[in-house]
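Enquirer: Each residue of the sequence shown is one higher than the one before, starting from 0 at the first, in numbering that gives the first Met the number 0.
Note that CB positions come from ideal geometry on N, CA and C, so glycine has one too.
Just passing along the structure, written as structure tokens.
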Amino acid sequence: MTDFSSVKGKVAVVTGAAEGLGKAISKCYAENGMKVVVADINTTKGLELVKEIKSQGGEASFIKADMSKEEDVKEMVDFAIKAYGKLDGIVNNAGLGAPNRPIHEYSTDEFDYLTSINLKGVFMGVKYGVEAILKSKSSGGFVINNASLAGIMGNSSMSLYTATKHGVIGITKSASLDYAQHNITINSICPGTFRTAIWGDAPEELIQQYAKNLSPNGRLGDPKEVAHLALFLASDLARYISGAAISIDAASSAGKITPAEWSNPEILN
Ligand SMILES: NC(=O)c1ccc[n+]([C@@H]2O[C@H](COP(=O)([O-])OP(=O)(O)OC[C@H]3O[C@@H](n4cnc5c(N)ncnc54)[C@H](O)[C@@H]3O)[C@@H](O)[C@H]2O)c1
């Protein structure tokens, strides 16, 4: 029988873990016996999550870490090793969206800000995460970088976000080759449209409309669905998967939806 028990006792840092996909991943890891370092800029929600995990018998600790700050990233991995004696993996999940605009309406300050978290943050998470894995273990480990559907295809009015996410996949592919001999797997996951705080204040109607039009199965993803993929990648079942950009998007990135068929499914019958 195939099971996920190989994750038991593994130590993982999850960044941007206080909410959304990072929270779902942290909970799922803890439920399956992993020791989780919840890293986020939001102390209140991060501590709440740790309390929730502990109340359910799981193991977790919080550290405040801004992924755009090198000192914070270094302290975050040191903290994991001090708390649990080793680091098995890191999920570089922290990331922000950007307002949808054509490129000439973005400022270079906006570019610097978004890339400092979505791209430099992931660069540093991989750099210091891998360093800590190599120092603390004889072999093996995993890195999961949260990219996006926007990491594998262009999106109108999203050049800035799209650039950061393509960069995340570039880092993933190259780094996976560097550490393959060390048995450290490095993958990107590419979520489509999930229901989290990344949507900000967008009206519910707009979100549902977006899901209906752009998600081929017509619904938003549940963060738990991303967590299950992240659990698989953390397990020993996935040791041969590395350098991949794995879509989890109900086929959104698989190709173009032909408008007539999409809006009139009856013509297919
Ligand atoms: N939700 C989606 O539909 C979707 C789709 C594709 C990709 N993603 C990616 O998934 C990741 C998580 O997105 P989400 O939807 O869960 O977002 P979210 O807004 O729900 O949660 C993001 C978390 O990151 C934290 N954070 C923000 N800036 C940070 C920083 N500088 N350092 C550390 N933590 C920081 C926030 O406090 C928050 O807890 C992001 O990288 C996002 O680009 C999300």
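(1) Check each candidate in Asn145, Arg194, Ile89 and name the one with the smallest Cα separation from Ala244.
(2) What separation, rounded to the nearest whole angstrom, lies between the Cα atoms of Ser54 and Tyr178?
(3) How would you label Tyr239, buried or exposed, when you count the other beta carbons within 10 angstroms and need 16 or more for buried?
(4) So, under 8 Å CB-CB, Cys189 and Ile151 are touching, yes? Tell me the CB distance rounded to an integer number of Å.
(5) Under 7 Å Cβ to Cβ from Ile80, same chain only, skipping five residues before and after it: list those, please.
(6) Kindly indicate the opening and closing residues of the alpha helix (DSSP H) around Asp108.
(7) Heavy atom of ligand 1 less than 7 Å from the Cβ of Lys211, yes or no?
(8) Whole angstroms are fine: how far does the CA of Lys119 sit from the CA of Leu159?
(9) Quick check on Pro215 - is its C-beta less than 8 Å from some C-beta in chain D?
(10) In three-state DSSP terms, what is Lys211?
(11) May I ask you to report which of helix, strand or coil DSSP gives Ile183?
(12) Return yes when the C-beta of Lys73 is under 7 Å from any heavy atom of ligand 1, and no when it is not.
(13) Where are the beta strand (DSSP E) runs, 3 residues long or more, that stay fully inside the region 63–104, in chain order?
(14) Using the Cα positions of Leu232 and Phe141, report the straight-line distance between them to the nearest angstrom.
(15) In angstroms, rounded to a whole number, what distance separates the CA positions of Val49 and Ile168?
(16) Helix, strand or coil for Ser54? Go by DSSP, reduced to three states.
Expert: Taking the definition as stated:
(1) The count along the sequence shown starts at 1 and reaches residue 244 at position 245. Selected option, being the one with the closest Cα: Asn145.
(2) Residue numbering aside, residue 54 sits at position 55 when the sequence shown is read from its first letter. Residue numbering aside, residue 178 sits at position 179 when the sequence shown is read from its first letter. Distance between the alpha carbons of Ser54 and Tyr178 is about 37 Å.
(3) Counted from its first residue, the sequence shown places residue 239 at position 240. Exposed, by the Cβ-count rule.
(4) Stepping through the sequence shown from its first residue, residue 189 is reached at position 190. Stepping through the sequence shown from its first residue, residue 151 is reached at position 152. The Cβ separation is near 6 Å, so the contact holds.
(5) Taking the first residue of the sequence shown as 1, we reach residue 80 at position 81. Excluding sequence neighbours, Ile80 sits near Leu86, Ala131, Ser135.
(6) Taking the first residue of the sequence shown as 1, we reach residue 108 at position 109. Note, Asp108: alpha helix (DSSP H), 107–117.
(7) The residue you call residue 211 lines up with position 212 of the sequence shown. No.
(8) What you label residue 159 is simply residue 160 of the sequence shown in a count that begins at 1. What you label residue 119 is simply residue 120 of the sequence shown in a count that begins at 1. Each residue's Cα considered, the two are about 14 Å apart.
(9) Among the chains in the structure shown there is no chain D, since it carries only a single protein chain.
(10) As a first step, residue 211 must be located in the sequence shown, where it is residue number 212. DSSP places Lys211 in helix when its eight states are reduced to three.
(11) One-based indexing of the sequence shown puts residue 183 at position 184. Of the three classes helix, strand and coil, the one that applies to Ile183 here is strand, per DSSP.
(12) Taking the sequence shown and counting its residues from 1, the one referred to as residue 73 is at position 74. False, no ligand heavy atom lies under 7 Å from that Cβ.
(13) 88–91
(14) Locating residue 232 in the sequence shown gives position 233, where the first residue counts as 1. Locating residue 141 in the sequence shown gives position 142, where the first residue counts as 1. Rounded to whole angstroms, Leu232 and Phe141 show a C-alpha spacing of 7 Å.
(15) Position 50 of the sequence shown, counted from the start, is the residue given in the question as residue 49. Position 169 of the sequence shown, counted from the start, is the residue given in the question as residue 168. Each residue's alpha carbon lies about 30 Å from the other.
(16) In the sequence shown, counting from the first residue as 1, residue 54 sits at position 55. Correct three-state label for Ser54: helix.
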